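What follows is a set of notes on a single structure, which appears directly below.
There are 2 protein chains.
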Amino acid sequence: MIETPRSQYVQIGDLLRSRIKDGTYPAGSLLPSEDQLAKELGVSRVTVNKAIGLLRSSGDVKVRRGTGTVVRSLPRIHRDAQARYAARQEGTGAGEVEASKLNLNSRTEYRHIGKTSTPPAVAEALGLRKGEPSLLRSRVLYANDEPTQVADSYLPWSITKGCAALMEPNAGTGGSYGRLAELGHGPVRFTEDVTVRMPNNDEQRILELDAAQPVFEIWHVAYTAEDRPIEVCIHVMPGHLWTLRYGWDDQPAPKERNASPDRQ
Amino acid sequence: MIETPRSQYVQIGDLLRSRIKDGTYPAGSLLPSEDQLAKELGVSRVTVNKAIGLLRSSGDVKVRRGTGTVVRSLPRIHRDAQARYAARQEGTGAGEVEASKLNLNSRTEYRHIGKTSTPPAVAEALGLRKGEPSLLRSRVLYANDEPTQVADSYLPWSITKGCAALMEPNAGTGGSYGRLAELGHGPVRFTEDVTVRMPNNDEQRILELDAAQPVFEIWHVAYTAEDRPIEVCIHVMPGHLWTLRYGWDDQPAPKERNASPDRQ
Numbered sequence: 001m002i003e004t005p006r007s008q009y010v011q012i013g014d015l016l017r018s019r020i021k022d023g024t025y026p027a028g029s030l031l032p033s034e035d036q037l038a039k040e041l042g043v044s045r046v047t048v049n050k051a052i053g054l055l056r057s058s059g060d061v062k063v064r065r066g067t068g069t070v071v072r073s074l075p076r077i078h079r080d081a082q083a084r085y086a087a088r089q090e091g092t093g094a095g096e097v098e099a100s101k102l103n104l105n106s107r108t109e110y111r112h113i114g115k116t117s118t119p120p121a122v123a124e125a126l127g128l129r130k131g132e133p134s135l136l137r138s139r140v141l142y143a144n145d146e147p148t149q150v151a152d153s154y155l156p157w158s159i160t161k162g163c164a165a166l167m168e169p170n171a172g173t174g175g176s177y178g179r180l181a182e183l184g185h186g187p188v189r190f191t192e193d194v195t196v197r198m199p200n201n202d203e204q205r206i207l208e209l210d211a212a213q214p215v216f217e218i219w220h221v222a223y224t225a226e227d228r229p230i231e232v233c234i235h236v237m238p239g240h241l242w243t244l245r246y247g248w249d250d251q252p253a254p255k256e257r258n259a260s261p262d263r264q
Numbered sequence: 001m002i003e004t005p006r007s008q009y010v011q012i013g014d015l016l017r018s019r020i021k022d023g024t025y026p027a028g029s030l031l032p033s034e035d036q037l038a039k040e041l042g043v044s045r046v047t048v049n050k051a052i053g054l055l056r057s058s059g060d061v062k063v064r065r066g067t068g069t070v071v072r073s074l075p076r077i078h079r080d081a082q083a084r085y086a087a088r089q090e091g092t093g094a095g096e097v098e099a100s101k102l103n104l105n106s107r108t109e110y111r112h113i114g115k116t117s118t119p120p121a122v123a124e125a126l127g128l129r130k131g132e133p134s135l136l137r138s139r140v141l142y143a144n145d146e147p148t149q150v151a152d153s154y155l156p157w158s159i160t161k162g163c164a165a166l167m168e169p170n171a172g173t174g175g176s177y178g179r180l181a182e183l184g185h186g187p188v189r190f191t192e193d194v195t196v197r198m199p200n201n202d203e204q205r206i207l208e209l210d211a212a213q214p215v216f217e218i219w220h221v222a223y224t225a226e227d228r229p230i231e232v233c234i235h236v237m238p239g240h241l242w243t244l245r246y247g248w249d250d251q252p253a254p255k256e257r258n259a260s261p262d263r264q
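Listed in order, the protein sequences are those of chains A and B. Mind the numbering: the first sequence is residues 1 to 264 in the UniProt record's numbering, read in order. Mind the numbering: the second sequence is residues 1 to 264 in the UniProt record's numbering, read in order.
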């Protein structure tokens with residue numbers, strides 16, 4: 001394999017990044033072609049190609065098919081877990097909270113809404129019997145027409161099958177949690193498990209990612225007051241686009257929880 | 001550049017993974033050499049090399065200098081944010097909670113404890129004046145002698161300078177938060193911001209990672225009852241080793257919080 005000295009292509013990468021930062025290559029614009037850059041900078045096309053590879057991995061540019069290499073235009077989006085689910089009570093869909101906060105145009109595109117066979121790991125998380133189906137609500141979210149996440153929400157079919165609103169993209173006031181509450185299964189508690197991995201082929205296509213750009217995978221689980229898991233939503237999100245925010249109050253020590261009478 | 005057909009090296013990668021899964025190549029053992037594998041499987045060495053590259057990126061094997069390519073031996077570690085900080089009240093260091101739960105040998109190695117100039121982003125998070133120093137407690141955590149994270153904890157020097165225990169690797173009962181409480185600045189609330197990125201050279205070396213293996217970067221901030229940020233701890237953790245767990249109670253709707261008298 002041809003090996004360019006690491007220092008040179010890293011240097012070219014840094015140079016291109018600084019040109020993006022100082023506005024020489026504005027957000028959303030096309031980068032000059034690799035030939036042009038090689039000529040201007042007096043290096044080989046291979047070196048330019050590897051330098052641009054670095055910028056693709058870090059999300060500073062992306063390759064849009066039929067267009068070319070485009071400078072990143074979306075800012076980093078903050079996802080505050082508590083805030084996003086609390087927002088549904090005020091009529092904002094959880095999926096669109098973050099984009100609206102940044103004055104980005106948000107859009108949700110449903111890929112599938114309907115009965116589906118439950119993937120084994122989801123069945124386990126929902127406590128479903130083997131073979132028990134789910135309602136799948138699968139969607140892609142966009143900000144300024146750029147894909148920001150895929151979200152697949154699974155709900156037990158036995159609970160949701162009678163609810164027409166849950167078969168619609170817009171599930172009504174308070175979203176699908178509003179409908180679950182009306183069905184007597186409103187969520188009161190959430191957990192999220194966050195991992196990071198490389199995107200599969202579908203995700204690369206849908207989220208406009210390279211194979212080398214990591215994605216967050218979040219398993220969001222909603223629980224009822226009876227501690228029954230009532231929804232699993234799997235979010236797949238390009239790592240370079242997002243900062244995840246969580247917060248909590250410190251847990252008092254067990255000793256303090258069971259304070260002895262003389263301390264009261 | 002020489003391009004092996006994607007399907008072939010991906011197939012070899014899948015084969016090697018299945019051999020790891022079924023115990024042909026046990027956890028912690030050496031993989032056969034690339035030459036041996038190429039010969040056995042009837043493919044080129046380049047193909048084997050690219051296949052092993054896939055396994056390195058996903059964390060299924062790692063290259064140990066002077067040893068060779070070793071099959072992953074650590075299980076995935078779950079980091080439950082609330083639980084890990086609550087555990088300090090019972091005498092377990094936050095850093096060692098997760099490893100002990102899996103019966104792994106945990107170990108903390110301090111790289112630096114002392115006064116340091118505060119990085120600008122940390123100063124901003126701590127609300128420090130320009131030029132105000134911090135106490136840095138920097139450490140590497142290990143499970144079964146494999147590095148699992150780097151954690152750099154910054155505390156305002158103005159508050160911590162008189163506390164001898166905070167200059168020691170073992171800061172005493174309840175760790176550094178115990179000492180902060182004694183100094184009148186005990187934390188009562190935490191936030192964490194989670195991002196993902198590629199490791200820098202130092203992190204690759206310390207955490208035994210390739211350039212293509214993403215790391216979590218967590219900014220953990222502790223707040224006092226007066227809402228003063230009192231600690232920033234930056235955790236850098238190999239993505240393939242960790243699952244991050246967060247949980248919270250749903251926030252009641254504003255309407256319900258201010259319930260009208262007739263609803264009571």
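Each residue gets a CB set at the ideal place from its N, CA and C atoms; glycine is no exception. Note that the structure is predicted; figures quoted are calculated from it, not measured.
Under a 10 Å Cβ-count criterion, arginine 45/A is classified as exposed, with fewer than 16 other Cβ atoms of the shown protein chains found around its own Cβ.
Here threonine 195/A is near glutamate 217/A, since their CB atoms are less than 8 Å apart. Between alanine 27/A and arginine 76/A, the C-beta gap is not smaller than 8 Å, which leaves the two residues out of contact.
By the C-beta density criterion, histidine 112/A is exposed, having fewer than 16 other C-beta atoms within 10 angstroms.
Listed by position along chain A, the residues whose Cβ is nearer than 7 Å to that of threonine 195/B are Thr243. Around the beta carbon of tyrosine 110/A, fewer than 16 other beta carbons lie within 10 angstroms, which makes this residue exposed. Taking the beta carbon of alanine 81/A as reference, the chain B residues within 9 Å of it are Tyr246, Trp248, listed in sequence order. Using a CB distance cut-off of 8 Å, threonine 173/A does not count as an interface residue toward chain B. Neighbourhood of glycine 239/A in chain B, by CB distance below 7 Å: Val196, Pro214, in chain order.
Around the beta carbon of glutamate 226/B, a 10 Å sphere encloses fewer than 16 other beta carbons of the protein chains shown; the residue is thus reported as exposed.
For secondary structure counted as the beta strand (DSSP E) over 3 or more consecutive residues, the stretch 125–203 of chain A holds these complete runs in sequence order: 133–143, 146–156, 187–197.
At a cut-off of 8 Å between beta carbons, serine 57/B contacts chain A. Counting C-beta atoms within 10 angstroms of its own C-beta, arginine 88/B has 16 or more neighbours from the protein chains shown and is therefore classed as buried. Val46, Ser57, Ser58: these are the residues of the UniProt domain "HTH gntR-type" (6–74) of chain B whose beta carbon lies less than 8 Å from some beta carbon of chain A, given in chain order. DSSP places aspartate 14/B within a helical segment (H, G or I) once states are collapsed to three.
With respect to chain A, the C-beta atom of alanine 86/B has a partner C-beta closer than 8 Å. Cβ-Cβ separation between isoleucine 159/A and leucine 183/A: approximately 6 Å, consistent with a contact (criterion under 8 Å). Lysine 62/A is bridged by DSSP to Val70/A. For glycine 68/B, the closest of Val43/B, Ser29/B, Tyr85/B, Leu128/B by C-alpha to C-alpha distance is Ser29/B. Only buried fits glycine 95/B, as 16 or more other CB atoms lie within 10 angstroms of its CB. By a beta-carbon distance limit of 8 Å, glutamine 251/A contacts glutamine 82/B. Their separation comes to about 6 Å. For proline 199/A, no chain B residue has a C-beta closer than 9 Å to its own C-beta; the minimum C-beta separation is roughly 12 Å.
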